[in-house]
Amino acid sequence: MIEAFKQGMVFSEEVHLSPEFVERFAEFSGDRNPVHLKTDAARGFGYARPIAHGAIQTAIVSRLIGMKVPGPGAVWMSQSMEWTKPIFVGETVRIEAEIMEVSTGASVLHLALRGFNKQSEPVMTGQAKVKMATSLAVVEATPKQTETRVALVTGGSRGIGAATAIALAEAGFHVAISYHSNQAAAEEISHSIREKEVRCQAYSIDLSKEDAAEELTKRVIRDFGSVDVIVHCASQPLKNLSVQELSPTDYRDCWRVHVGAATALVKAAAPGMIERRFGRFIFLGTSYLFGPPPAKLAAYVSAKQALWGAVRCMAQELGPQQITTNMISPGMTVTELTDNVPARLKEAEARKVPLRRLAVPEDVASVVAFLASDASAYMNGQNIPLTGGPV
1 MIEAFKQGMV FSEEVHLSPE FVERFAEFSG DRNPVHLKTD AARGFGYARP
51 IAHGAIQTAI VSRLIGMKVP GPGAVWMSQS MEWTKPIFVG ETVRIEAEIM
101 EVSTGASVLH LALRGFNKQS EPVMTGQAKV KMATSLAVVE ATPKQTETRV
151 ALVTGGSRGI GAATAIALAE AGFHVAISYH SNQAAAEEIS HSIREKEVRC
201 QAYSIDLSKE DAAEELTKRV IRDFGSVDVI VHCASQPLKN LSVQELSPTD
251 YRDCWRVHVG AATALVKAAA PGMIERRFGR FIFLGTSYLF GPPPAKLAAY
301 VSAKQALWGA VRCMAQELGP QQITTNMISP GMTVTELTDN VPARLKEAEA
351 RKVPLRRLAV PEDVASVVAF LASDASAYMN GQNIPLTGGP V
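By full-length UniProt numbering, the letter at position 224 of the sequence shown is numbered 224, and the numbering carries on one by one without gaps.
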């Protein structure tokens, strides 16, 4: 990175200009001027022995730029050189490039060039301007896994969270799940996960409390050693209240779980992910973000909309560290959250879907498992509609 280079840094290369070396350069360049190759010809021009091509020093500068300052990917923009003393065949030349200026915004280095013979006498002076090119298509290698990765699933005792925890365990992750109050369900899911020969631990926590999500993440990191994937499935019970009936407290309660907890999870887990240069944040949205929302869900939909805005910003800020942030927005899903939806409304919703059915938790869990994997490395900042058809 350009920030690694500072004004005053000096890079150098030494090359012995043997007769064989000069002969190879003459063959390559086509410059077979006898003053470079034959003693008699050199004497005829007043030199006791052949002098090396000045362009060899240019080639050494090219080596410096391409391999050291700034190195692979460098683009040589301009240069000027003045040869002040000949270098004889059989001597050693030392070329130096000193950084005189660093243009960080443009990723450009301004170099002072100097050449010296074996007596440390100056033989060349010059300057060059070099741009550090940005890699546009080279995929950064995923860090080699030395240990099984760890996933934290909030709301993991039932519904989409439980299906997600099981899917991640089947994909080879150790799994931590959080739950609010249903300890029996959490223990049942934990037991089924441990049967898959991975670790699982359940944590009872109320994510509506301000410090709960951060404390949860720290506990998981302490118990498992790291957190590589976070899937935020926890949700408030849906309140079917009109916008006239909702109070600011109703909005705040929904926001605390969906947005507040999400930001706290990221704050606690991101430093370790940045250090390892791998991480996945996966959040649940809703298909109501894509079209007209239903009545009496303003608090829920507004919280999900705020979360989607946060996801977009997280993707921008954490992406350079090879951490992806995405959202999955399922349509109506058969879970406990929709138990209070009348059957006739569920049937009507299913008829709208080209697949003629509602989503089930396993539909969402399979997409989560993909987003948590190395195969999703280029998917970032996306809101994936999981609706069984167009949105």
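All C-beta atoms in this analysis are idealised placements derived from N, C-alpha and C, irrespective of residue type, glycine included.
| query | result |
| --- | --- |
| Pick from S157, G272 and S103 that is closest to Q7, judged by C-alpha positions | S103 |
| Own chain partners of V150 with C-beta closer than 6 Å, once the 5 adjacent residues on each side are dropped | H174, F224, S226, V227 and D228 |
| Euclidean distance between Cα positions of G331 and A359 | 7 Å |
| Coarse secondary structure for H258, derived from DSSP in three states | helix |
| Nonlocal neighbours in the same chain, by C-beta distance under 7 Å from R158, ignoring five residues either side | N182, A185 and E336 |
| Of the residues R256, A264 and Y251, the one placed nearest A298, counting alpha carbons only | Y251 |
| Sequence-distant residues of the same chain with beta carbon closer than 7 Å to A262, five excluded per side | H232, F283, L307 and A310 |
| Neighbourhood of E349 by C-beta, 6 Å cutoff - its chain only, sequence neighbours within 5 removed | M332 |
| DSSP three-state assignment for L337, whether helix, strand or coil | helix |
| Cutoff 6 Å; reference A365; Cβ partners in own chain excluding five residues on either side | A163, T164 and A167 |
| Which of helix, strand or coil DSSP assigns to H36 | helix |
| Extent of the continuous alpha helix (DSSP H) run through G66 | G54 to M67 |
| 7 Å Cβ cutoff met for I51 and F88 | yes |
| Three-state secondary structure assigned by DSSP to P237 | coil |
| Integer-rounded CB distance, given that I99 should sit under 8 Å from L109 | 6 Å |
| Environment of A133 [buried if 16+ CB atoms lie within 10 Å] | exposed |
| Cβ shell of V367 (< 7 Å), same chain only, five flanking positions each side left out | I328, I384 and L386 |
| Collapsed DSSP secondary structure at Y203 in the structure displayed | strand |
| CA nearest to the CA of S80, picked from E14, L241 and S62 | S62 |
| Strand pairing of G44, partner residues [DSSP] | Paired residues: none, contrary to the question. |
| The region 70 to 80 touching the region 119 to 132, judged by at least three CB pairs closer than 8 Å | yes |
| One or two residues paired with A295 in a DSSP bridge | DSSP lists no partner for A295. |
| Beta carbon of V353 nearer than 7 Å to that of G389 | yes |
| Test item: CB-CB of S178 and Y203 under 7 Å | yes |
| Own chain residues within Cβ distance below 8 Å of S160, not counting five before or after | Residue identity differs from the one stated: residue 160 is Ile in this sequence, not Ser. Hits under 8 Å: C233, L284, P330, T333, T335, P361, V364 and A365. |
| Proximity winner among L64, K118 and A212, relative to A264 (alpha-carbon distances) | A212 |
| DSSP three-state assignment for Y378, whether helix, strand or coil | coil |
| Proximal residues to V75 (C-beta, below 6 Å), its chain only, five neighbours per side dropped | K131 and A133 |
| CB-CB length for A372 against R280, believed under 8 Å | 5 Å |
| Bridge-paired residues (DSSP) for Y179 | S204 |
| Separation of G73 from A270, as counted between CA atoms | 30 Å |
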